[in-house]
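Protein chains in written order, with the working numbering: chain A, 1 to 415; chain B, 1001 to 1141.
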């Protein structure tokens, strides 16, 4: 890779040992993926939940945190993805003391680096959304795909180590979605049904993700009949990224780089096309819910809920009583507003539990299942459904109203 | 078949050898694995129930989210880890994870590598040279 004078100084250790490790890591990654040089980034978003870090990752972070202050500090605004617990609710989730202890250690290490502990995967709804053309280094696939596609920002999937490296060097290898030519559509999906509920948007994302197949595919959707809301884009993108490992999509006439379809089609290049209709979305959902008559727990998470979703959950629970656990997971930023506006109290008066700063699947989901006897789960998140199969759950994908009806019905799913 | 060699577009980490575990399916540490027991745990994965410990995984494409970037490092530290990953297509997360963990990985073939390597074959993987490769040293263990 071509290195500037500053990058050579970083490599020589002139900016400290943390930045020296970071640029070496980035060069390894950049060489593998064909980057010719680096691009400056303005923000980083670090995924570092302790289930992923493990003890080895936490000890690695602590070694960096023990460096002198001038050697370990991040150089650009750096925020965090959800953590593995909500300390206020860990006992109710039956999380073990060792999990909470690991969380405290990870937080202390990240704070020592100057990282802002936002603990959110909806920073584009709550912190500082990137703007069109802004190069960033974001972790969490849902964050990346939303910011690339809806905001027009430029990021690859940056896992925790690489997002942290970008934070320490203020740059990232220029490959993938930092390059204009990589942002052209590679497949067109003709959509014959515009979803209504969030779970339907997630199902559409899951279907398109399976069609796309891998990280380097960029689907362009045609036929969406109205401008989706931010929450709808959030669920669609999160599922698309989860099922397909996809980092960028376009919606013709809607997303900023595809005011017209031909703006994202390279001249003279033919791309494959697919049709998706209402029957496909129904079949996708039924493939999960089939043969599940009842569930043990309802979870709204992945992504964290916006304030609007919190209000919807509170309204749907009004005057009712959940007879099985209902976990409603949001960001610390939204939680403050939800508390102030009485939404948290209304959800919890109906038997729900509001959790902040965590995400269900990043919080030792397997151990929580065993400790709480949770085996079957209902959610309106297609992303969560996709992930939890590997953790031993049998998940059902349903709308938020249907999930709440199920919770108030003692877990029995009403056909 | 023994001795046949297949070149990849890119490689990282040290040399590795072991018994190949092959499937036309994806790979994600969070989505697909029980990392405590060292087995594929996603019920609809083609390797469901199989131990991956010490095996050279020959799979189609990297899938899922960003967690693998940390998890490969964590798995390596505990020794409950594959010997190497050989993939038709990577995503950046796999590359970042292999870089942190100093893990053997090669990817990018002009053909479907999952069709070229017999399941159960003994193989060696060398990502260190100009042309990273996987070589079949014995067709079945």
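Note that CB positions come from ideal geometry on N, CA and C, so glycine has one too.
From a predicted model like this one, the values you see are computed outputs, not experimental measurements.
Residue 1037 (chain B) to residue 54 (chain A) span [Cα, whole Å]: 15 angstroms
Name, please, each residue of chain B whose Cβ falls closer than 8 angstroms to the Cβ of residue 44 (chain A). Residues of chain B passing the Cβ test: none, with the nearest at roughly 13 angstroms.
Leaving out five residues before and five after residue 94 (chain A) in sequence, what residues of the same chain have Cβ atoms less than 7 angstroms from its Cβ? 368, 371 and 372
Who are the near neighbours of residue 1080 (chain B) in its chain, counting only those whose CB is closer than 7 angstroms to its CB and skipping five residues on each side? 1035, 1038 and 1053
Cα-Cα separation between residue 128 (chain A) and residue 137 (chain A), rounded to whole angstroms: 14 angstroms
Chain-ordered residues of the stretch 370-387 of chain A with a beta carbon less than 8 angstroms from chain B: 386 and 387
Do residue 50 (chain A) and residue 84 (chain A) have their C-beta atoms within less than 8 angstroms of each other? yes
Based on the DSSP output, what are the partners of residue 45 (chain A) in its beta bridges? A:79 and A:138
At what residues does the alpha helix (DSSP H) containing residue 385 (chain A) begin and finish? 382-388
Consider the Cβ of residue 25 (chain A): report whether some Cβ of chain B lies at a distance smaller than 8 angstroms. yes
Cβ of residue 409 (chain A) less than 8 angstroms from any chain B Cβ? no
Between residue 1119 (chain B) and chain A, is there a C-beta pair that is closer than 8 angstroms? no
For residue 33 (chain A), go through chain B and note every residue whose CB falls closer than 9 angstroms to its CB, in chain order. 1010, 1090, 1092 and 1095
Identify each residue in the stretch 70-103 of chain A for which the Cβ-Cβ distance to at least one residue of chain B is less than 9 angstroms, and report them in chain order. 81
Assuming residue 306 (chain A) contacts residue 141 (chain A) under a Cβ cut-off of 8 angstroms, what Cβ separation, rounded to an integer in Å, is found between them? That belief does not hold up - the Cβ atoms of residue 306 (chain A) and residue 141 (chain A) are roughly 18 angstroms apart, past 8 angstroms.
Under 7 angstroms between beta-carbons, which chain B residues line up against residue 330 (chain A)? List them in chain order, please. The contacting residues do not exist; residue 330 (chain A) stays about 20 angstroms from chain B at best.
On the three-state DSSP scale, how would you describe residue 38 (chain A)? strand
Listing by chain order, which chain A residues have their CB less than 9 angstroms from the CB of residue 1140 (chain B)? What residue 1140 (chain B) touches in chain A: nothing, since even the nearest Cβ is about 29 angstroms away.
Using a Cβ cut-off of 9 angstroms, which residues of the stretch 211-245 of chain A contact any Cβ in chain B, in chain order? 213, 214, 215, 216, 241, 242, 243, 244 and 245
Any beta carbon from chain A within less than 8 angstroms of residue 1021 (chain B)'s own beta carbon? no
Nearest-angstrom Cα separation, counted from residue 366 (chain A) out to residue 92 (chain A): 16 angstroms
Got a sec: is the Cβ-Cβ distance from residue 169 (chain A) to anything in chain B below 8 angstroms? no
CA-to-CA distance, residue 175 (chain A) to residue 225 (chain A), given in whole angstroms: 33 angstroms
Residues that residue 109 (chain A) contacts on chain B, provided the C-beta gap is smaller than 7 angstroms: The contacting residues do not exist; residue 109 (chain A) stays about 13 angstroms from chain B at best.
Cβ contact check for the stretch 198-212 of chain A and the stretch 238-252 of chain A: 3 or more pairs under 8 angstroms: yes
According to DSSP, residues forming a beta bridge with residue 275 (chain A): A:190
Sort A:62, A:304 and A:165 by Cα distance to residue 27 (chain A) and report the nearest one. A:165
Terminal residues of the beta strand (DSSP E) in which residue 1075 (chain B) lies: Note, residue 1075 (chain B): premise wrong, no beta strand (DSSP E); alpha helix (DSSP H) at 1068-1078.
For residue 1126 (chain B), the residue or residues it bridges with in DSSP: B:1133
7 angstroms Cβ cut-off: residues of chain A touching residue 1049 (chain B): Residues of chain A passing the Cβ test: none, with the nearest at roughly 12 angstroms.
Would residue 1014 (chain B) be called buried (16 or more neighbouring beta carbons within 10 Å of its own) or exposed? exposed
Would you call residue 190 (chain A) buried or exposed, if buried means 16 or more other Cβ atoms sit within 10 Å of its Cβ? exposed
Among residues of its own chain, excluding the 5 on either side of residue 212 (chain A), which ones have a beta-carbon nearer than 6 angstroms to its beta-carbon? 219, 244 and 246
Are the CB atoms of residue 357 (chain A) and residue 381 (chain A) within a distance shorter than 8 angstroms? no
Runs of beta strand (DSSP E) wholly within the stretch 216-289 of chain A (minimum 3 residues, chain order): 219-222 and 272-276
Strictly below 7 angstroms CB to CB, what residues from chain B border residue 53 (chain A)? 1070 and 1074
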